[in-house]
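In this note's numbering, the protein residues as written are -7 to 173. Glycine included, each C-beta is placed from N, C-alpha and C at the ideal position. As the structure is a prediction and not an experimental result, all values here were calculated from the model. Worksheet for the structure shown next.
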């Protein structure tokens, strides 16, 4: 997704200190998105959020609830306005929560860039990132994880493939992967 700098998965919304997957407490599994507002707006990210899940289905478990976490009063206003507009268009109650972000705890390493790690591209960045934290924070790893998950277009990939720092072999693998969806 153009404008997205990096993504990380983790836990937010609760009060339990140091949540983990096995001891999540009152937190929700979530994704943290760092973005360039000159390339993609918060409003555009909200549209993607609403389009990417069933907003009419409340979860019975806090761990899996649908929620957008906001940082500022302006983000809260935009999220509430976009939810109201969606309810107006759909004529249905939106059950996804809008919640202030109190804290964000990174999920365990095995959750990070999961789709990339399951793909034929899993070793494409080994030479660049020997430290897992650097890998998780990497824009390139986030981009590849998105493509591995079926997001992005062939045209978008053609614009950026040479800037990803991949070997020719992995560039070919990535082009084939994107060509499959």
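Practice prompt. Quick one: residues in its chain with C-beta nearer than 8 Å to the C-beta of residue 162, no 5 flanking neighbours on either side, listed in chain order?
Written response: 113, 116
Item to complete: For residue 166, count neighbouring C-beta atoms within 10 Å of its own C-beta (all shown protein chains included) and say buried if the count is 16 or more, exposed if not.
Response: buried
Practice prompt. Pick out whichever of 92, 73, -2, 135 has its Cα sitting closest to the Cα of residue 23.
Written response: -2
Discussion item. Relative to the C-alpha of residue 48, which candidate in 105, 106, 54, 84 has its C-alpha closest?
Written reply: 84
Practice prompt. List the residues that DSSP assigns as beta-bridge partners of residue 98.
Written response: 2
Item to complete: Could you have a look at residue 23 and say whether DSSP puts it in helix, strand or coil?
Response: strand
Worksheet item: Under 9 Å, do residue 111 and residue 136 count as touching if we go by C-beta distance?
Response: yes
Worksheet item: How big is the Cα-Cα spacing for residue 126 and residue 133?
Response: 10 Å
Practice prompt. Would you identify the three-state DSSP class for residue 119, choosing helix, strand or coil?
Written response: coil
Discussion item. Quick check: what's the CA-CA separation for residue 67 versus residue 92?
Written reply: 10 Å
Worksheet item: Nearest CA to the CA of residue 75: which residue from 97, 46, 4?
Response: 46
Discussion item. With a threshold of 8 Å (Cβ to nearest heavy atom), would residue 45 be considered close to the ligand NAD?
Written reply: The ligand NAD is not among the ligands present in this structure, which contains no ligands whatsoever.
Discussion item. Please give the ranges of any beta strand (DSSP E) in the region 27 to 86, keeping only runs that are unbroken, at least 3 residues long and fully inside the region.
Written reply: 59 to 62
Item to complete: Can you give me the start and stop residues for the alpha helix (DSSP H) that residue 129 sits inside?
Response: 124 to 129
Worksheet item: Using the beta-carbon count (16 or more within 10 Å), is residue 159 buried or exposed?
Response: exposed
Worksheet item: Tell me the DSSP bridge mates of residue 90?
Response: 60
Discussion item. Just to confirm my understanding: we take residue 103, look at its own chain, exclude 5 residues before and 5 after, and list those with CB closer than 6 Å. What are they?
Written reply: 1
Discussion item. Measuring straight from C-alpha to C-alpha, what distance separates residue 14 and residue 143?
Written reply: 29 Å
Practice prompt. Assuming residue 21 contacts residue 148 (C-beta within less than 8 Å), just tell me the rounded distance between them.
Written response: Going by Cβ atoms, the distance from residue 21 to residue 148 rounds to 27 Å, so no, they are not a contact pair.
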